[in-house]
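**Student:** Residue numbering for the sequence shown is 6 to 53, as defined by this note's numbering. Right, I'll just put the structure down here and ask away after.
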Amino acid sequence: MQNQTETLGIGSKAPGFSLQAANQPGTFSLSEMLIRGPVVVEFLRGTW
Numbered sequence: 006m007q008n009q010t011e012t013l014g015i016g017s018k019a020p021g022f023s024l025q026a027a028n029q030p031g032t033f034s035l036s037e038m039l040i041r042g043p044v045v046v047e048f049l050r051g052t053w
């Protein structure tokens, strides 16, 4: 696993990544989603 310590600025391109899908079996791949068009990635942290 690769650890990143730098943050991206607004409008910066994100590096490629894949994650376990939360709402369906399989994985979410940024590169696969970009084939369909622009992607917005949002991280929400909760304390619930």
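Ideal Cβ placement from N, Cα and C applies to all residues, glycine included.
(1) How long is the line joining the alpha carbons of VAL44 and GLY51, rounded to whole angstroms?
(2) Cβ atoms of GLY21 and VAL35: under 7 Å apart, would you say?
(3) Rounded to a whole number of angstroms, what is the C-alpha to C-alpha distance between LYS18 and GLY42?
(4) Alpha carbon to alpha carbon, what distance is there between LEU24 and THR12?
(5) Could you spell out the range, first to last residue, of the beta strand (DSSP E) harbouring SER17?
**Tutor:** Taking the definition as stated:
(1) Here residue 44 is taken as the residue at index 39 of the sequence shown, counted from 1. Here residue 51 is taken as the residue at index 46 of the sequence shown, counted from 1. Whole-angstrom Cα-Cα distance: 22 Å.
(2) What you label residue 35 is simply residue 30 of the sequence shown in a count that begins at 1. What you label residue 21 is simply residue 16 of the sequence shown in a count that begins at 1. A small correction: the amino acid at residue 35 is Leu; Val does not occupy that position in the sequence shown. Yes, the pair counts as a contact, with Cβ atoms nearer than the cut-off.
(3) The residue you call residue 18 lines up with position 13 of the sequence shown. The residue you call residue 42 lines up with position 37 of the sequence shown. Distance between the alpha carbons of LYS18 and GLY42: 14 Å.
(4) If you number the sequence shown from 1, residue 12 lands on position 7. If you number the sequence shown from 1, residue 24 lands on position 19. Their backbone Cα atoms lie some 18 Å apart in a straight line.
(5) Counting from 1 along the sequence shown, the entry for residue 17 is found at position 12. Run containing SER17: none; DSSP gives neither H nor E here.
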